[in-house]
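So the structure is just underneath, and the comments pick up after that.
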Amino acid sequence: MRHALRQFHYLTVAAQVGSLRRTAEICQVDQSNVTRALKRLEDNLGISLFYRERSGVRLTPAGQQFLAEISPALEQLEFARRSARSARRADSGLLRIGILTSLAGGFLRKLVQNFTVRHPRVTIDVRDGGRREHLAAVQTRQLDIAIITGTAEIPGCETRELGHERVYVAMPDAHPLAAKAKLVWSDLKGERFIVSKSEPGPEVHDYIVRRSADYSTYPDVEVKAAQQETLMNLVSLGQGITLVASAWTAIKVPGLVLRPLTARADIVPFSIIWSSTNDNPALLRFLHTAQLTRSHTVEAATLCGSDLID
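Everything in the sequence shown is counted per our numbering, starting at 281 for the first residue and increasing by one.
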């Protein structure tokens, strides 16, 4: 078992760095050990995992498929190892959280901040990704928690609504609508939207189409092969407008302004979802902190008129 794990570790590192020499340096072993271990693994499997070239190594199609199939199991094993090591302390552990939005501001930042203050010895592993990806990871226990917009009914999982946040329109500061303090959806008729190809772009795209249909219009939406940060800079450069969660109000992008949509339909719920069979103590502590943070934030929103709405 130990030899197999070592082989899998060398395989993963070599696939990432593309060099057996560099793999040996990272793993702090002789290169000959790496070479022999990988050759033995290939012999046992009956396939070639790597193309070996002068410039380094790269996975064969069979190697790519094999690594993709074993990676979730290796990740789960690493999680079990780290959890076992931290189990000797009741106030420590590891919590894996999947998110769709920025941690720069808003309720999610407050929640994570409150949790780290209350449980400083718990390591938080925050992962960006898409809704489907995160929900599947929660079901297979590769994530402890996913925080998503809307709600979801997933077999074997529990969901708790944390609150609601307002949708904002991001636009260049020279845009005519930037002169308005607030917007309604009809103000956006005829505007050109841009969204990212990666998450949360597809979800934003669906939301734009759905809200435009309420006004019997079909929107002009262009999908960009850019991450969210790059997309926001494209907006500031006049390439189009887009929609974002209120967390983006905490991020300053030169030439970019955000204006809230005031309709009740543009206040969206966000929820936390976890596997009902997940007995990670850190998960239970996080759920408790989420409830406390929600109560305090709703109280502050009531007093101060915040964008978080109960």
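By construction, the Cβ of each residue, glycine as well, lies at the ideal position given by its N, Cα and C atoms.
Could one say the Cβ of residue i lies closer than 8 Å to chain C's Cβ atoms, at least one of them?
{"i": "P482", "result": "Absent from the structure is chain C; it holds one protein chain and no more."}
Distance check for residue j and residue i, CA to CA, integer angstroms please.
{"i": "L357", "j": "E305", "result": "23 Å"}
{"i": "Q507", "j": "V501", "result": "16 Å"}
{"i": "Y448", "j": "A417", "result": "29 Å"}
{"i": "S335", "j": "E479", "result": "34 Å"}
{"i": "Y495", "j": "A461", "result": "22 Å"}
{"i": "C584", "j": "G430", "result": "Low local confidence applies: a pLDDT of 41 at C584 is under 50, so the model's placement there is unreliable, with the coordinate-based value given in what follows. For C584 and G430, the distance between alpha carbons rounds to 24 Å."}
{"i": "K504", "j": "F566", "result": "35 Å"}
{"i": "N313", "j": "P534", "result": "51 Å"}
{"i": "A543", "j": "S555", "result": "34 Å"}
{"i": "E433", "j": "R407", "result": "21 Å"}
{"i": "Q428", "j": "A459", "result": "According to the sequence displayed, residue 428 carries Ile and not Gln. Roughly 32 Å separates the two Cα atoms."}
{"i": "R398", "j": "A545", "result": "35 Å"}
{"i": "V297", "j": "H455", "result": "45 Å"}
{"i": "G518", "j": "D453", "result": "9 Å"}
{"i": "E333", "j": "Q311", "result": "16 Å"}
{"i": "Q571", "j": "T529", "result": "24 Å"}
{"i": "K532", "j": "L383", "result": "14 Å"}
With the cut-off set at 8 Å, would you say residue i and residue j are in Cβ contact?
{"i": "R446", "j": "W465", "result": "no"}
{"i": "V475", "j": "T522", "result": "yes"}
{"i": "L536", "j": "S516", "result": "yes"}
{"i": "A295", "j": "L347", "result": "yes"}
{"i": "L415", "j": "I552", "result": "no"}
{"i": "G326", "j": "A527", "result": "no"}
{"i": "L388", "j": "T569", "result": "no"}
{"i": "K477", "j": "T497", "result": "no"}
{"i": "R320", "j": "Q345", "result": "no"}
{"i": "R411", "j": "L442", "result": "no"}
{"i": "N394", "j": "T557", "result": "no"}
Could you give the DSSP three-state label for residue i: helix, strand or coil?
{"i": "H444", "result": "strand"}
{"i": "I327", "result": "coil"}
{"i": "L380", "result": "coil"}
{"i": "I350", "result": "helix"}
{"i": "K319", "result": "helix"}
{"i": "T569", "result": "helix"}
{"i": "V464", "result": "coil"}
{"i": "T557", "result": "coil"}
{"i": "P549", "result": "strand"}
{"i": "R472", "result": "strand"}
{"i": "R491", "result": "helix"}
{"i": "G386", "result": "helix"}
{"i": "L521", "result": "Looking at the sequence shown, residue 521 is not Leu but Ile. If DSSP states are grouped into helix, strand and coil, I521 belongs with the strands."}
{"i": "E433", "result": "coil"}
{"i": "I306", "result": "helix"}
{"i": "V397", "result": "helix"}
What does a CB cutoff of less than 8 Å around residue i pick up in its chain, not counting 5 residues either side in sequence?
{"i": "S328", "result": "E322, T340, A342 and G343"}
{"i": "T292", "result": "L347, S351 and L354"}
{"i": "I547", "result": "H444, E445, R446, V447 and I589"}
Once the 5 residues before and after residue i are set aside, which same chain residues still bring their CB inside 6 Å of it?
{"i": "S524", "result": "Checking the sequence, you will find Val at residue 524 rather than Ser. Within the same chain, V524 has close Cβ partners Y448 and A450."}
Take residue i and list the residues in its own chain whose beta-carbon comes closer than 7 Å to its own, dropping the five residues that flank it on each side.
{"i": "G409", "result": "G378 and E479"}
{"i": "T315", "result": "L300"}
{"i": "Y290", "result": "T303, C307, V314, A317 and L318"}
{"i": "S575", "result": "none"}
{"i": "E349", "result": "none"}
{"i": "R338", "result": "G298, F330 and Y331"}
* At least 3 beta-carbon pairs within less than 8 Å: the stretch 503 to 514 vs the stretch 433 to 444 -> no
* To do: For the stretch 470 to 484 and the stretch 554 to 571, state whether three or more C-beta atom pairs, one from each stretch, are separated by less than 8 Å.
  => no
* Asked: Quick one: any contact between the stretch 412 to 430 and the stretch 371 to 390, if contact means 3 or more CB pairs under 8 Å?
  -> yes
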